[in-house]
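Contents: one structure, followed by commentary.
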Amino acid sequence: MSTGTEITDQPFAGLLDVPPAADGKPGVITDEANYGRADGEIAFTAPHLAVIGKTGSGKSRTVLAPNCVRWGPRALVVMSSKGDLSELTIRRRAQLGTQYVMDLSGEIRDSQIKGVDLTPVRIDPCSWIETDDEAMEMASLLMQIGDVGAGGDGQGSGDSAFWKSLARRRLACLLRAGGFYRDPDTQQMTWGGGIVWALEAAENVGPDAAEGGGRGLTQEGLDDEVDEDEDDPPLDMATPNWKTAYMRAHSVGSRHADSLLAARAMDERQRDSIGINMQVAMGAWAMESTAAPGAKVFNPSMLASGGTLHIVAGMDGAAPTVVCTVLIEIVKYWRKRVGKLDPVMMVLDEFVNGAQIPARYTNRWISEGRGLGIRLCLGLQSTKSLTRLWGQAAADEFRAIMPAALILPGAGETQMLKDAAETTPPEERVVTSLDAGGRTSHSRQLVQPTHAELLPPPRSRTDPRISYGRLLLGGMAGVRVRLVDITGTDLA
Ligand SMILES: Nc1ncnc2c1ncn2[C@@H]1O[C@H](COP(=O)(O)OP(=O)(O)OP(=O)(O)O)[C@@H](O)[C@H]1O
Ligand SMILES: [Mg+2]
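This is the structure in structure tokens:
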């Protein structure tokens with residue numbers, strides 16, 4: 186079964202399903218974007234698409250996987266928790282560019298990817314940081330993400346917010362220390378070991394912390410005298426602790442260095458609180474699957490001229506933090522190069538469990554995404570899980586601003602369908618009526634769609650390979666679409 190091959194600039198959401206009018210003539214599409222198009226053509230969507238349906242309803246196999254293949258040689262990020270999306274698409278994607286794989290589940294079996302050339306990658310935020318401001322931004326993000334899953338938007342509350350704010354700048358310093366620093370002996374820029382080093386350093390304040398010193402360090406900072414005595418061993422720039430981190434950050438002129446030095450001089454309870462907050466923020470990198478020492482460090486520039494980043498998020502643990510940081514970094518990279526790069530598509534299946542991106546990012550990407558050069562295609566079981574993740578207001582906003590939403594049978598998105606029915610202007614329809622003599626007559630009338638009419642019908646009885654969905658567009662009734670399993674198309 187062919188589903189058309191043209192590459193569009195938008196996510197794919199199935200084929201137009203236009204039932205004949207009451208008088209037997211071909212049905213008419215009233216949706217603005219799809220106006221004048223015929224049954225069986227690809228439905229026009231919008232820059233971003235949410236696909237909403239319960240488990241087993243076909244989100245991955247009929248919509249998200251076809252999206253990955255249709256995107257062609259342009260850059261693609263594809264995330265799923267089980268790896269099923271990558272399994273369905275990686276062979277076809279491999280014909281179009283490099284396949285980077287970040288396996289946070291540790292579960293990818295060789296059989297799933299046999300015969301495909303893969304580049305395993307890992308994420309190291311330290312490798313993206315070049316300035317103090319970038320370090321601060323990353324520190325804030327890392328501290329926020331843990332909170333998001335708990336129903337807040339990462340601002341924290343009360344006591345915990347206080348300790349987080351104390352820890353934030355110190356974390357920024359550690360992140361800089363994990364990156365490149367200037368070696369005092371050779372004056373060479375030297376790689377600091379990345380976030381894995383920073384995490385280790387967070388756990389240890391270093392020697393003589395209470396006095397603020399230790400060799401090479403005084404309460405006021407670096408001891409200038411120290412290098413003049415030739416008998417002294419060289420400064421220790423390697424051992425992961427706060428002291429080394431201070432010296433490394435200082436060597437690249439970081440303004441955050443002094444704040445870590447000041448924290449070293451605090452009393453033990455305060456130091457512990459700061460240390461624990463920093464460790465929690467970087468905790469994801471304590472896991473083997475995240476640290477992935479053998480893998481190449483991913484940088485968004487690897488996707489600049491195409492290729493695919495596969496993220497297998499796994500069901501628990503470290504994934505949300507890691508996924509969040511890389512997606513935000515990719516958007517940042519594209520934002521800085523607006524108009525110079527082809528758009529990047531992010532197909533994020535099981536969005537709520539896998540990514541846990543704070544609402545203020547997601548909703549901003551949705552509202553300005555076409556301009557940023559990114560396209561989002563999000564799979565979720567129900568927008569109610571967004572309420573759990575973000576709280577009511579942000580979830581409502583998501584529903585209101587999502588320009589295209591594909592609702593599968595049984596999704597239970599009553600509010601979205603009701604709102605769409607009410608927002609859609611009345612349309613002219615052919616209405617059949619019986620006159621007194623029992624003869625049928627047809628007339629044209631203005632009719633407002635109802636919520637019930639927008640519900641997608643169940644799977645086709647005559648052809649079980651075909652299922653249906655309601656594609657809401659611009660918050661209005663949109664169109665009905667037909668969906669086919671990817672293995673029944675020329676995309677498999
Ligand atoms: N080769 C195949 N051809 C057609 N249908 C298939 C095939 N393999 C599985 N299915 C059907 O596809 C459906 C599962 O689709 P899919 O995995 O896309 O659902 P989903 O909405 O993504 O579910 P989940 O939320 O659990 O990931 C099931 O109904 C299953 O019976
Ligand atoms: Mg799925």
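With the working numbering applied, the sequence shown corresponds to residues 186 to 677, in that order.
Glycine included, each C-beta is placed from N, C-alpha and C at the ideal position.
**OP:** Measure the CB-CB distance between ASP309 and GLY379 and report whether it falls below 8 Å.
**Re:** Translated into the one-based positions of the sequence shown, residue 309 becomes position 124. Translated into the one-based positions of the sequence shown, residue 379 becomes position 194. Yes, the Cβ-Cβ distance between ASP309 and GLY379 is below 8 Å.
Original post:
Is it the case that the CB of SER242 approaches a heavy atom of ligand 1 more closely than 7 Å?
Top reply: The residue given as residue 242 occupies position 57 in the sequence shown. Indeed, a heavy atom of ligand 1 lies less than 7 Å from the Cβ.
Original post:
Hey, which unbroken runs of the beta strand (DSSP E) at 3 residues or more fall wholly within the stretch 447-516?
Top reply: 493-497
Original post:
Leaving out the 5 sequence neighbours to the left and right, which residues in its chain are closer than 8 Å to PRO211 when beta-carbon positions are compared?
Top reply: Translated into positions along the sequence shown, residue 211 becomes position 26. Excluding residues within five positions, the ones whose Cβ falls inside 8 Å are VAL203, PRO205, ALA223, ASP224.
**OP:** Reducing DSSP to helix, strand and coil, say where ASP535 ends up.
**Re:** Reading the sequence shown from its first residue, position 350 is the one you call residue 535. According to the sequence provided, residue 535 is Glu. The question's Asp does not apply to it. Reduced to three states, the DSSP call for GLU535 is coil.
Subject >> According to DSSP, residues forming a beta bridge with ALA589 >> reply: Taking the first residue of the sequence shown as 1, we reach residue 589 at position 404. According to DSSP, ALA589 bridges with LEU658.
Subject >> Neighbourhood of ASN371 by C-beta distance below 8 Å, restricted to the same chain and skipping five residues each side >> reply: The residue given as residue 371 occupies position 186 in the sequence shown. Looking at the sequence provided, one finds Thr at residue 371 rather than Asn. Same-chain partners within the cutoff: there are none.
**OP:** Decide if the stretch 350-357 is in contact with the stretch 320-327; the criterion is three or more beta carbon pairs, one per stretch, under 8 Å apart.
**Re:** yes
**OP:** May I have the straight-line CA-CA distance separating TYR431 from ILE330, to the nearest angstrom?
**Re:** Taking the sequence shown and counting its residues from 1, one reaches residue 431 at position 246. Taking the sequence shown and counting its residues from 1, one reaches residue 330 at position 145. In this structure, the straight-line span from the alpha carbon of TYR431 to that of ILE330 is close to 25 Å.
Subject >> Residue burial classification, GLN178 (beta-carbon count within 10 angstroms, cutoff 16) >> reply: The structure shown has nothing for residue 178, since the chain only spans 186 to 677.
Subject >> Segment contact, 8 Å Cβ cut-off, at least three pairs: the stretch 458-466 with the stretch 485-493 >> reply: no
Subject >> Nearest-angstrom Cα separation, counted from VAL616 out to ARG629 >> reply: Locating residue 629 in the sequence shown gives position 444, where the first residue counts as 1. Locating residue 616 in the sequence shown gives position 431, where the first residue counts as 1. Cα to Cα, ARG629 sits roughly 6 Å from VAL616.
Subject >> N-terminal and C-terminal residue of the beta strand (DSSP E) that TRP376 is part of >> reply: Position 191 of the sequence shown, counted from the first residue, corresponds to residue 376. In the DSSP assignment, TRP376 falls within the unbroken beta strand (DSSP E) covering 374-376.
Original post:
When DSSP labels each residue in this structure, what does LEU384 get in the three-state scheme?
Top reply: Here residue 384 refers to the residue found at position 199 of the sequence shown. LEU384: helix per DSSP, three-state reduction.
Subject >> Contact under 8 Å by Cβ, TYR366 with VAL482 >> reply: Start at 1 with the first residue of the sequence shown, and residue 366 comes out as number 181. Start at 1 with the first residue of the sequence shown, and residue 482 comes out as number 297. Their beta carbons are not under 8 Å apart, which means TYR366 does not touch VAL482 by this criterion.
Original post:
Around the Cβ of VAL632, are there at least 16 other Cβ atoms within 10 angstroms (buried) or fewer (exposed)?
Top reply: Working through the sequence shown from its first residue, we reach residue 632 at position 447. Exposed, by the Cβ-count rule.
**OP:** Quick one: grab the DSSP three-state call for ASP338.
**Re:** Along the sequence shown, one-based indexing puts residue 338 at 153. Reliability fails at ASP338, whose pLDDT of 47 lies under 50, so the model's placement of it is uncertain and the value that follows must be treated cautiously. Coil.
Original post:
Is there at least one non-hydrogen atom of ligand 2 closer than 7 Å to the beta-carbon of ASP534?
Top reply: Mapped onto the sequence shown, residue 534 falls at position 349. The answer is yes for ASP534.
Subject >> N-terminal and C-terminal residue of the beta strand (DSSP E) that GLU613 is part of >> reply: Reading the sequence shown from its first residue, position 428 is the one you call residue 613. Its beta strand (DSSP E) spans residues 612-619.
Original post:
In whole angstroms, what is the alpha-carbon distance linking THR609 and THR568?
Top reply: Working through the sequence shown from its first residue, we reach residue 609 at position 424. Working through the sequence shown from its first residue, we reach residue 568 at position 383. If you draw a straight line from the Cα of THR609 to the Cα of THR568, it comes to about 21 Å.
**OP:** Enumerate in chain order the residues of its own chain whose CB-to-CB distance from LEU249 is below 7 Å, with the five nearest sequence positions on each side excluded.
**Re:** In the sequence shown, residue 249 corresponds to position 64, counting from 1. The residues are VAL236, LEU270, VAL532, ASP534, CYS562, GLY564.
Original post:
Should ASP309 be listed as close to ligand 1, given that the test is whether its C-beta is under 7 Å from any heavy atom?
Top reply: Translated into the one-based positions of the sequence shown, residue 309 becomes position 124. False, no ligand heavy atom lies under 7 Å from that Cβ.
Original post:
From SER345 to ARG456, what distance separates their C-alpha atoms?
Top reply: Along the sequence shown, one-based indexing puts residue 345 at 160. Along the sequence shown, one-based indexing puts residue 456 at 271. About 14 Å.
**OP:** Return yes when the C-beta of ASP317 is under 7 Å from any heavy atom of ligand 1, and no when it is not.
**Re:** Position 132 of the sequence shown holds residue 317. It does not: the Cβ of ASP317 is nowhere closer than 7 Å to a heavy atom of ligand 1.
Original post:
Could you give the residue range of the alpha helix (DSSP H) that holds ASP269?
Top reply: Numbered from 1 along the sequence shown, position 84 holds the residue referred to as residue 269. Bounds of the alpha helix (DSSP H) holding ASP269 are 269-279.
Subject >> Extent of the continuous alpha helix (DSSP H) run through ILE559 >> reply: The residue you call residue 559 lines up with position 374 of the sequence shown. Where ILE559 is concerned, there is no enclosing alpha helix (DSSP H), although the beta strand (DSSP E) it sits in stretches over 559-565.
**OP:** Check whether the stretch 252-265 touches the stretch 578-590, counting contact only when three or more Cβ pairs, one atom from each stretch, lie closer than 8 Å.
**Re:** no
Original post:
What are the boundary residues of the beta strand (DSSP E) that includes GLN541?
Top reply: Within the sequence shown, the letter at position 356 stands for residue 541. Segment: none, GLN541 is in no beta strand (DSSP E) and carries neither H nor E.
Original post:
Does the distance from the C-beta atom of ILE214 to that of TYR220 stay below 8 Å?
Top reply: Here residue 214 is taken as the residue at index 29 of the sequence shown, counted from 1. Here residue 220 is taken as the residue at index 35 of the sequence shown, counted from 1. Against a cut-off of 8 Å, the Cβ pair of TYR220 and ILE214 comes out as a contact.
Original post:
Secondary structure at TYR366, three-state DSSP: helix, strand or coil?
Top reply: For the purposes of this step, residue 366 is taken as residue 181 along the sequence shown, with counting starting at 1. Correct three-state label for TYR366: strand.
Subject >> For VAL529, the nearest candidate out of PHE197, TRP256, LEU234 (CA to CA) >> reply: Working through the sequence shown from its first residue, we reach residue 529 at position 344. Measuring from the Cα of VAL529, the nearest candidate turns out to be TRP256.
**OP:** Starting from the C-beta of GLY663, find all residues in its chain whose C-beta is less than 6 Å away, skip the five residues before and the five after it, and write them out in chain order.
**Re:** Stepping through the sequence shown from its first residue, residue 663 is reached at position 478. Cβ within range, chain order: ASP216, LEU656, LEU657.
**OP:** Please state whether DSSP places ALA235 in a helix, a strand or coil.
**Re:** Locating residue 235 in the sequence shown gives position 50, where the first residue counts as 1. Judged by DSSP in its simplified three-state form, ALA235 adopts strand.
Original post:
Under three-state DSSP, which class holds HIS636?
Top reply: Within the sequence shown, the letter at position 451 stands for residue 636. DSSP places HIS636 in helix when its eight states are reduced to three.
Original post:
What are the complete beta strand (DSSP E) segments, minimum 3 residues, inside the stretch 214-261?
Top reply: Within the stretch 214-261, the complete beta strand (DSSP E) runs of at least 3 residues are 234-237.
Subject >> Stretch pair the stretch 535-544 + the stretch 569-579: three plus CB contacts closer than 8 Å >> reply: In this structure the stretch 535-544 touches the stretch 569-579; the number of beta carbon pairs closer than 8 Å is three or more.
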